[in-house]
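Structure first, then comments.
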Amino acid sequence: MTPFDKAQGGPRDFPVIFDFSVPGRVGSSYPNPDVPDTPLEQLIPASQLRKEPAALPEVSELDVVRHYTRLSHRNFSIDEGFYPLGSCTMKYNPKIHEDAARLAGFARLHPYAPAEGAQGALRLICELEELLAEISGMDRVTFQPAAGAHGELTGLLMIRAYFETRGERRTKVIVPDSAHGTNPATAAMVGYQVVTVKSDARGNMDVRALREVMDGSVAAIMLTNPNTLGLFEEPILDVEEIVHHAGGQLYLDGANFNAVLGVTRPGDQGFDVMHMNLHKTFTTPHGGGGPGAGAVGVKAHLAPFLPVPVVERDGERFRLDDQRPQSIGKIRAFYGNFGNLVRAYAYIRSMGADGLRQVAETAVLNANYLLARLRSRFDLPYDRLCKHEFVLSGARQKRQHGVATRDMAKRMLDYGFHAPTIYFPLIVEEAIMIEPTETESKRTLDEFADAMLAIAREAQDDPEVVKTAPHSTPVKRLDEVRAARQPDLRWRAR
Amino acid sequence: MTPRGRGGNVTTGVERRTQHKYIPATDAEREEMLRTIGAASVEELFADIPSRVRLDRPLRLPPALSDPELMAQLRAMADANVHSDRAVCFLGAGAYDHYVPSVVWHLAGRGEFLTAYTPYQAELMQGELQAGYEYQSMLCEITGMGVANASMYDGASAAAEAAVMAKDLTGRGEVLVSTAVHPEYRQVIRTYTAPLGLRVTEIPYRHGLTDLDAVARALSPRTAAIIIQHPNFFGCLEDGAACAELAHRAGALLVCAVAEPLSLGILEPPGAWGADIVAGEGQPLGNHLNFGGPYLGMLAARQEFVRRIPGRLVGATVDAEGRRGFVLTLQTREQHIRREKASSNICTNEALLALAAAIYMASLGKAGFRKVSELNLRKAAYAREAIREIPKFGLAFEAPTFNEFVVRTPLAPEEINRRLLAAGILGGAPLGRWYPELSDAWLVCVTEQRTKAEIDRLVALLEGLR
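Those protein sequence lines, which keep their order, are chains A and B.
By the count of full-length UniProt numbering, the first sequence reaches residue 494 at its end, each step adding exactly one.
By the count of full-length UniProt numbering, the second sequence reaches residue 466 at its end, each step adding exactly one.
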């Protein structure tokens, strides 16, 4: 596999768009003004007029097309190959969703269009809320958060408002030591003290440790289930009982929802609030890091605190309601990443109940299959049935051959695969976290397993080739220390 | 593939009804994989889920749709909306109807960009990373700032993060926010800052501009920042330099929100008149209206604040052979390293929209960026002067404006909009919902998309209102 032939920079630096700039060249076409040519100074004060034009590149349209097309060849995507990034659910992003989101009636709709001129969009939001409420077992869903972490912020703010309304002062949030970094970061943003609880030997939340820290000062526990080890939290009902008994709330980080669609619903597990990464489970494309969409579902007791506005249905008419006095307010402008709501809606409607259950079953089957194929050559710190992902350890390779997980990940790139998530969760030494998703074929899984096993052999027989990887990418291993010590964050004319 | 009935394959427990095009595994492959795992059925793989929380029924969802059925349904929903290709749009207020050159989404929509993740494996993701670096560079150029991040969620949340950043930089506990800042931005600033104990004090406007006397009175040694918007929510041009001077004299920062970055083609950039942080909305830079999202949060700051800026930063470095390459850098600010001590919890951002913005800015180029900006200014000025002349109409404020202005109307603006919509025009934003004292005020936006003929038609319709 040689994905980079066309994109190889060769011995020279690959140019930046500014390198193509030639004074006087243009890349766009706009009409001349059809209104009077009043001198600009009569329209705005001379002191406000821009003195130096912004030094944007002066390039032709073809320069732009060629440059960004070539940059696209220097990228790796699901469209090109297998992307087993654990915790990221890199499943196929259907093309029909792109066509749907780009229909003029959605893409060119102004957020302040009057409700009578936005009935189709409001219907879509309302119906998506109904679909996700059923899928998650929650009562209401807001779409305002732009991403998972933004959803966490929304959820914790609602929990905070809930306790304020009840006149309770709670100051702590519990997170397991396997939690995503966003969980403690969010708790801190909402002014909570973070209490970390360790995982037990099976990779579950340690129930005894939880009992010790749980009291009336704890506002919430933030759990991921299946957790970031890819394991279902077996004592979930004990956790639920302990937290609710002490008056706390259960927050679910829904990053791993893909594993249990149609099998178990977070609402039925006792969660009071959860976020769903529509860009993971519901396959809106990641876009190289965003846009995402972090829908947040809540049980009825938290619904008064949802961000404004919410979409309400009056029969077949839909309206925005922002007269909600207990609302936490807004966490971004307008209503959320609507374009991604169109995609998620299209996905759920095309899968149906049976299709979504097949998603979970196949994601779990694929993960357990890969695990079965790899387990002999890598350490497996938690040897259990996994759900949609699993975590290996490269400790053996590090200890025996001096080959770190980072090196093996870089070597994966030479085999034409994206690397798994590495060094996360933090509780596993030299962690390698693999999530195949349901959209990959057995053939792809086998090719990937063969590559992993080949790299394990290389680590033993030819460690240098692994330690100096990657060898076939557009650039060789990059100097991250230099990037941080001498930050060069923008191009400047030399 | 022959669809099987429920329970159709007793030997393996592989129990499926239809083969779906997004799920390649066939029954035969499932059986083979189960054998490798050593499990008798897929059901066994879920044995760790307590039966009490299992769903014992199928999800209650509408039946699955085939592609043609799905597209027909979505088209019907889209067609129920009055969008800006169908109606002539004079609506702005934080979301702008600009022309998006064809190249922008032909390129940004390529699967290689669209279906990539955050560039954690830099060697494999030079395209995304380099585009991020180019975006940061161009954003610095248009704002006149020293450093820009790779994107935030939207303009409102970027403004809120800027407020928190000012608190961290100054160690002070209050921000002064002009009421001429977008009302939704102000709401978001309040939501973000309340749990941190950061006090938000609103500063009134006078004649459409932030009241600088009120700013001077409100400034104190507790003030972390003054937050203004420029052009402000009413479309008026603030005296940013005076605000910066007031802020700096009090040891505070000036945060400038920019909801309409195309104004920067013609206006002196915030970096030139002393803004410390620029937080804004990048939707106008090549991104569609999308009923309010996805949009692009822009965040730029003075160079010396680089280690306090939230979100992802792309930096240039070299590879093992000395060639230039790009990586995500200064990550010790971020949640996945610092956890509860991070500068923000942000993880996923709006990378694809930043890429689109970079392509847009490169396409327009130095001359085009100025030209589009000038078109907005001139067309809006023409419309403003024409509407001012209509009997019983008038301008609410006399301050200079960019592509939006506030009109006092003889009829309720909501009523005017109803009548205009019947004539195929999407009217301006009625301001009464945010400003009770402006219940007869209407915020009109005129971008480069509007022709003189469309403006004249709007004016004629307004003249004919009874």
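Don't be surprised by glycine CBs; every beta carbon is placed ideally from N, CA and C.
>> For the alpha helix (DSSP H) containing B/G132, name the first residue and the last one.
In response: 126-143 is the span of the alpha helix (DSSP H), which, as asked, contains B/G132.
- Query: What residues in its chain sit with their C-beta under 8 Å from that of B/E184, if we drop five residues either side in the sequence?
  - Reply: Here B/E184 has G94, A156 as same chain residues with Cβ atoms under 8 Å from its own Cβ, once five neighbours each way along the sequence are excluded.
Indicate the three-state DSSP secondary structure (helix, strand or coil) for A/F318 in the structure shown.
strand
Residues from the stretch 90-108 of chain A in contact with chain B, defined by Cβ distance under 9 Å: M90, K91, Y92, N93, P94, K95, I96, E98, D99, A100, A101, R102, L103, A104, G105, F106, A107, R108
Review point. Quick one: is A/G290 near chain B, going by C-beta distance under 7 Å?
Key: yes
Original post:
By the 10 Å Cβ neighbour count, where 16 or more other Cβ atoms means buried, how is B/T2 classified, buried or exposed?
Top reply: Legend: pLDDT at B/T2 = 35, less than 50; position of this residue unreliable, value from coordinates given subsequently. Its Cβ having fewer than 16 others within 10 Å, B/T2 is exposed.
Requested in this report: Below 9 Å between beta carbons is the criterion; list the residues of the stretch 26-56 of chain B that meet it against any residue of chain A, in chain order.
Outcome: T26, E29, R30, E32, M33, L34, T36, I37, G38, A39, V42, E43, E44, L45, F46, A47, D48, I49, P50, R52, V53, R54, L55
Is B/P310 near B/E161, with beta carbons less than 7 Å apart? Yes, these two residues count as a Cβ contact at 7 Å.
Using the Cα positions of A/V65 and B/R384, report the straight-line distance between them to the nearest angstrom. 38 Å
Could you tell me whether any Cβ in chain A is nearer than 7 Å to the Cβ of B/A301? no
Point to revise | Distance, B/A64 Cα to A/L56 Cα | key: 48 Å
Quiz item: What is the DSSP secondary structure of B/Q303, counted as helix, strand or coil?
Solution: Per DSSP, reduced to three states, the secondary structure at B/Q303 is helical.
Any C-beta of chain B sitting closer than 7 Å to the C-beta of A/I328? yes
(request) Let me know the secondary structure DSSP gives A/S441 once reduced to three states. (result) coil
Quick check: what's the CA-CA separation for B/Y205 versus A/A54? 30 Å
Exercise. For a contact meaning CB atoms closer than 7 Å, what does A/N337 contact in chain B?
Worked result: Taking a Cβ-Cβ cut-off of 7 Å, the neighbours of A/N337 in chain B comprise G293, P294, given in sequence order.
- Query: Counting only beta-carbon atoms, is A/I78 nearer than 7 Å to chain B?
  - Reply: yes
DSSP three-state label for A/N256, please. helix
| task | Use the C-beta contact count for A/G288: other C-beta atoms within 10 angstroms, 16 or more gives buried, fewer gives exposed. | result | buried
Within a Cβ cutoff of 6 Å, which residues of the same chain sit near B/L299, ignoring the five residues on either side of it in sequence? So the qualifying residues of the chain are N149, M152, A158, A279.
Exercise. So, using beta-carbon positions, are A/L320 and A/F143 closer together than 7 Å?
Worked result: no
Quiz prompt | Boundaries (first-last residue) of the beta strand (DSSP E) holding B/C347 | solution = B/C347 -> no beta strand (DSSP E), and no H or E assigned at all.
Query raised in the report: Can you find a CB in chain A that lies within less than 7 Å of the CB of B/E404?
Result: No, B/E404 does not count as interfacial toward chain A.
Residue-level contact to chain A via CB, B/T330, 7 Å cutoff: Residue identity differs from the one stated: residue 330 of chain B is Leu in this sequence, not Thr. Closer than 7 Å to the CB of B/L330 there is at least one CB belonging to chain A.
| Between the beta-carbon of B/V175 and the beta-carbon of B/A216, is there less than 7 Å? | no
* **C-beta atoms of A/G151 and B/Q187 nearer than 7 Å** => no
Same chain, Cβ closer than 8 Å to A/V195, neighbours up to 5 away in sequence not counted = K172, V173, I174, V175, V213, V218
Just checking: is the beta-carbon of B/H83 within a distance shorter than 7 Å of some beta-carbon in chain A? So yes, B/H83 belongs to the interface.
If you drop the 5 nearest sequence neighbours on each side, which residues of the same chain put their C-beta closer than 6 Å to that of B/I142? Same-chain partners within the cutoff: L264.
**Candidates A/R202, A/I159, A/T228, A/N204: closest to A/T182 by CA position** = A/T228
Query - A/I236 classed as buried or exposed, judged by whether at least 16 other C-beta atoms fall within 10 angstroms - result: buried
Assuming A/G355 is part of the alpha helix (DSSP H), what are its boundary residues?
338-374
**Asked** Using a beta-carbon distance below 7 Å, is A/K467 in contact with chain B?
**Response** no
message = Buried or exposed, going by whether 16 or more other CB atoms sit within 10 Å of the CB of A/N32?
response = exposed
Original post:
Taking the Cβ atom as the reference point for each residue, do A/P94 and A/E435 lie within a distance shorter than 7 Å?
Top reply: no
Helix, strand or coil for A/K330, going by three-state DSSP, please let me know. coil
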